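**Student:** Be aware that the sequence shown starts at 3, since it is given in my numbering, and climbs by one per residue. What follows is a single structure, and I will ask about it in a moment.
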Amino acid sequence: MRILLVEDDTKLGYMIKYKLQLAGHFTEWARNSDEAEQFFSTAEFDLYILDWMLPGKTGLELCSQQRRHNDNTAILMLTARGEVEDRVSGLLTGADDYMIKPFAFEELLARITSLDRRKQTRGYVDTYAVGGLRLSPASQEAEREGISCLLTNREFQLLEFLARHPGEVLSRERILNYVWGNDADVTLNAVDAVIKLLRKKVDDPFPLKLIRSVHGRGYRLVDTGAEHDDP
């Protein structure tokens with residue numbers, strides 16, 4: 003899963019992020035509400051883990067804000083506030099789960115797994131289809147017109163991101179943040195390099211080109227030959 007952790011306690015934040023990454027979860031860490039809101043606007047996640055008490059807006063206020071913005075990302079509240087009324091308030095505001103500090107990391111992982119399973123039963127998209135291209139995120143398999151496309155993990159992530167937003171122009175900055183993360187020591191040229199590799203595998207063998215450049219704006223995935231974007 004792609005997880006955004008919002009936690010102002012430095013020691014706890016490092017520990018949670020480190021262990022989540024060891025467990026195979028891509029994890030970004032915001033230390034206050036301002037940083038969290040930057041992530042909300044520039045990246046996409048499967049789960050937000052929100053500490054209740056934060057500098058600036060509280061985790062509860064962030065939860066309420068995202069629900070008002072029709073953000074359906076799963077939310078797990080993480081806090082020392084353990085009274086029944088606090089738990090009820092968090093859940094009624096839009097949180098999907100609630101954990102009380104201190105906690106065992108194994109329980110946090112179990113709750114994350116449960117939230118992921120719940121998301122899938124609510125209609126999680128397990129296959130993206132654009133034109134003759136089909137992507138299966140669970141197995142990281144891609145094929146076009148029935149022909150398998152052997153992609154690296156990075157190539158698949160980028161192509162999946164485009165497929166999740168068919169027809170929408172995605173800026174290079176947005177793609178970089180999604181695929182490499184905000185902390186990655188890479189430049190925008192990395193996006194162009196992976197796009198070039200993807201085109202060789204996904205587009206070059208076929209007359210219809212799905213991956214299109216939009217000058218000065220970014221890239222998009224289309225399913226029609228009527229578009230007149232840059233090559």
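Virtual Cβ for every residue (Gly too), placed ideally from N, Cα, C. The model shown is predicted, which means the values in this text are computed figures rather than measured ones.
Three or more C-beta pairs closer than 8 Å, one from the stretch 130–150 and one from the stretch 160–169: is that the case here?
**Tutor:** As far as the Cβ criterion goes, the stretch 130–150 touches the stretch 160–169, which means the pair count is three or higher.
**Student:** What is the DSSP secondary structure of E109, counted as helix, strand or coil?
**Tutor:** Numbered from 1 along the sequence shown, position 107 holds the residue referred to as residue 109. Note: E109 maps to helix in three-state DSSP.
**Student:** Round the Cβ separation of G220 and R174 to the nearest angstrom and send it over; I've been treating them as touching at under 8 Å.
**Tutor:** For the purposes of this step, residue 220 is identified with residue 218 of the sequence shown, where counting begins at 1. For the purposes of this step, residue 174 is identified with residue 172 of the sequence shown, where counting begins at 1. That pair is a contact at about 5 Å.
**Student:** Could you check the C-alpha separation between G125 and D118 for me, to the nearest Å?
**Tutor:** Along the sequence shown, one-based indexing puts residue 125 at 123. Along the sequence shown, one-based indexing puts residue 118 at 116. Confidence at G125 is low in this model, with a pLDDT of 49, below 50, so its placement is unreliable and the value that follows should be read with caution. Distance between the alpha carbons of G125 and D118 is about 11 Å.
**Student:** Closer than 7 Å by C-beta to G15: which residues in its own chain qualify, once you throw out the five before and the five after it? Chain order, please.
**Tutor:** On the sequence shown, residue 15 is found 13 positions in, with the first residue counted as 1. Counting only Cβ-Cβ distances below 7 Å, and skipping sequence neighbours, we find L7, E9, W31 and R33.
**Student:** Evaluate F158 with the Cβ neighbour count: other Cβ atoms within 10 Å of its Cβ, from every protein chain shown; 16 or more gives buried, anything less gives exposed.
**Tutor:** To locate residue 158, count along the sequence shown from 1; it is residue 156. Buried.
**Student:** Pull up the DSSP beta-bridge partners for T29, would you.
**Tutor:** The count along the sequence shown starts at 1 and reaches residue 29 at position 27. In DSSP, T29 forms a bridge with I5.
**Student:** Threshold first: 3 residues or longer. Then list the beta strand (DSSP E) segments lying entirely within the stretch 125–179, N to C.
**Tutor:** Segments of the beta strand (DSSP E) lying fully in the stretch 125–179: 130–132, 135–138, 143–146 and 149–151.
**Student:** Counting beta carbon pairs with one atom in the stretch 33–51 and one in the stretch 85–93, are three or more of them shorter than 8 Å?
**Tutor:** They do not touch, by the three-pair rule.
**Student:** Can you give me the C-alpha to C-alpha distance between K59 and E39, rounded to a whole angstrom?
**Tutor:** Mapped onto the sequence shown, residue 59 falls at position 57. Mapped onto the sequence shown, residue 39 falls at position 37. If I take the Cα positions, the gap works out to 10 Å.
**Student:** Could you check what DSSP says for A228 in three-state terms: helix, strand or coil?
**Tutor:** As a first step, residue 228 is located in the sequence shown; it is residue number 226 there, counting from the start. In this prediction, A228 scores a pLDDT of 44, lower than 50, which makes its location untrustworthy; no coordinate-derived value is stated.
**Student:** DSSP beta-bridge partners for G81?
**Tutor:** For the purposes of this step, residue 81 is identified with residue 79 of the sequence shown, where counting begins at 1. This sequence places Thr at residue 81; Gly is not what is there. DSSP lists I102 as partners of T81.
**Student:** Around the Cβ of N74, are there at least 16 other Cβ atoms within 10 angstroms (buried) or fewer (exposed)?
**Tutor:** Walking along the sequence shown from the start, residue 74 turns up at place 72. Exposed: under 16 other Cβ atoms inside 10 Å.
**Student:** Would you call the CB atoms of C151 and K211 closer than 9 Å?
**Tutor:** Working through the sequence shown from its first residue, we reach residue 151 at position 149. Working through the sequence shown from its first residue, we reach residue 211 at position 209. Contact flag unset, no.
**Student:** Drop a sphere of 10 angstroms on the beta-carbon of V196, count the other beta-carbons inside from all chains shown, and report buried for 16 or more, exposed for fewer.
**Tutor:** By 1-based counting over the sequence shown, the position of residue 196 is 194. V196 is buried by the Cβ-count criterion.
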